[in-house]
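Working notes for the structure below.
In full-length UniProt numbering, the protein residues as written are 1 to 101.
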């Protein structure tokens, strides 16, 4: 799946980009008709440790799925966002299967 990566207010290293790409690629096992997606990584300007935000937008035929998570590391935030998308994809796939019966 093709993902566009955007790092806002910082430069993301290749390890982080590869990590998120590999996590998102696993979503293809749940639904193979994912068209593409966008990932936004940004630093929040607050004093707390949990200032890393990952937003993932996935396009599937007829719908756009979105997940956003904030954590103390981009990897943890990406894990949570991908997990939320996994649940959304499973729910969407069930609706598609029921509509086609």
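Note that beta-carbon positions come from the ideal geometry of N, C-alpha and C, so glycine has one too.
Keep in mind it's a predicted model, so treat the numbers as computed, not measured.
Residue 36 is a Cβ neighbour of residue 2, given a cutoff of 9 Å. The beta carbon of residue 31 sits closer than 6 Å to the beta carbons of 89, 93 from its chain, once the five residues preceding and following it are set aside; these are given in chain order. With respect to residue 15, residue 82 sits apart: the two C-beta atoms are not nearer than 9 Å.
Boundaries for residue 30: no beta strand (DSSP E) harbours it, and the DSSP string shows neither H nor E there. The residue from 59, 5, 10, 78 with its alpha-carbon nearest to that of residue 45 is 10. Inter-residue distance for residue 95 and residue 6 is about 31 Å (C-alpha atoms, whole angstroms).
Between residue 58 and residue 51, the alpha-carbon positions lie close to 23 Å from each other. Excluding its 5 nearest sequence neighbours in each direction, residue 12 has C-beta neighbours in its own chain below 8 Å: 5, 41, 74, listed in chain order.
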